[in-house]
Every structure is written in structure tokens, then in C-alpha cells.
Amino acid sequence: MKYLLTFFLPLLALAFIACGKRVHIDEISFRGDTVIYEGAPYTGDIWTEDESTGRFRTETGILRSLTFYHRNGKEAITMQVSEQGAPHTEIFDEQGQPMDMMTFQTKYADIWIRMAMIQGELMMK
297 MKYLLTFFLP
307 LLALAFIACG
317 KRVHIDEISF
327 RGDTVIYEGA
337 PYTGDIWTED
347 ESTGRFRTET
357 GILRSLTFYH
367 RNGKEAITMQ
377 VSEQGAPHTE
387 IFDEQGQPMD
397 MMTFQTKYAD
407 IWIRMAMIQG
417 ELMMK
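Everything in the sequence shown is counted per this note's numbering, starting at 297 for the first residue and increasing by one.
Written as C-alpha cells, this is what we have:
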């Protein structure tokens, strides 16, 4: 019994933490360029409503990266935002192979349009 409790309790705690609530775009607001969640600058991931199209990562309310995904769950576009200079962007096809922006826009217009719609939604906040 002691062994069972020693094994089961940490496993239960891990499951509870792993199943934590995800923050979604409709739950955040902006104060200037700062992402606000529950009244304070937010650090963590912000997901699109479907929890699969895109994820934004913030640190003390500042956008640090964004990732949009293909329908199969693989990364489509990842952008790392730096404090100085242009952001670093990587673009991938559905198999995870790098590709250029022009080809991506043509081949994956659905993702490109979803990205634009989400950007518009964020700008309205």
C-alpha cells in the first residue's frame, strides 16, 4: 500500500498540473503593447480558440514567439520576436520541411488566411 501511495500521489499531481487550463485569445486584453490576463502582464502561452491553429508565447506581457500549425499538428510558421531587429521566421510544409514564404502563401492559403483573421482579431482588442 505504501508503494502504491508513493507512486500514485505524484502521478496524480502530475496529471492535475498537465491538465491545467489553457489561456485563449478571447481571455486577454492589451495595455499598449502589453498582453494582459486577469489584470496583469501575462507570461505563458495563449492559444487560438480551437487550441490547434496557433499559439502565442509571452513573457511579462511581451510577445516572444508565435507558432501556427498545419492540420496534422506540425509547425507551419514559427516566429521568434527579438527586442531589436527583425523577427526570425521559419516556414515548413506539412512534412516539416523548410519552405519559402511565397510557396507557403500559395500552397497553404487556408493557414495564411487564418493567420490574417487572428491578427485582425488581436488588433481589435
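Each residue gets a CB set at the ideal place from its N, CA and C atoms; glycine is no exception. Bear in mind the structure is a predicted one, so any value in this text is a computation, not a measurement.
- Secondary structure remark: continuous beta strand (DSSP E) runs of at least 3 residues inside the segment 349-385, in chain order: 350-355, 358-365 and 371-376.
- Of all alpha-carbon atoms in Ser-361, Arg-327, Glu-355 and Thr-354, the one lying nearest the alpha-carbon of Met-420 is that of Arg-327.
- Per DSSP, reduced to three states, the secondary structure at Gly-340 is strand.
- Inclusion of His-366 and Glu-345 in the CB contact set at 8 Å is not warranted, their separation being larger than that value.
- Following the DSSP letters along the chain, one finds Phe-326 inside the beta strand (DSSP E) bounded by residues 325-327.
- The straight-line gap separating the alpha-carbon atoms of Arg-318 and Arg-360 is approximately 18 Å.
- By the neighbour-count criterion, in which a residue is buried when 16 or more other Cβ atoms sit within 10 angstroms of its Cβ, Ala-412 is exposed.
- Taking the Cα positions, Thr-402 is about 27 Å away from Ile-342.
- A direct Cα-to-Cα measurement between Gly-357 and Gln-380 gives close to 17 Å.
- When the Cα atoms are used, Tyr-333 and Gln-415 turn out to be separated by approximately 18 Å.
- If you draw a straight line from the Cα of Thr-363 to the Cα of Leu-418, it is about 15 Å long.
- If you look at Ile-332, you'll find it in the beta strand (DSSP E) that goes 330-333.
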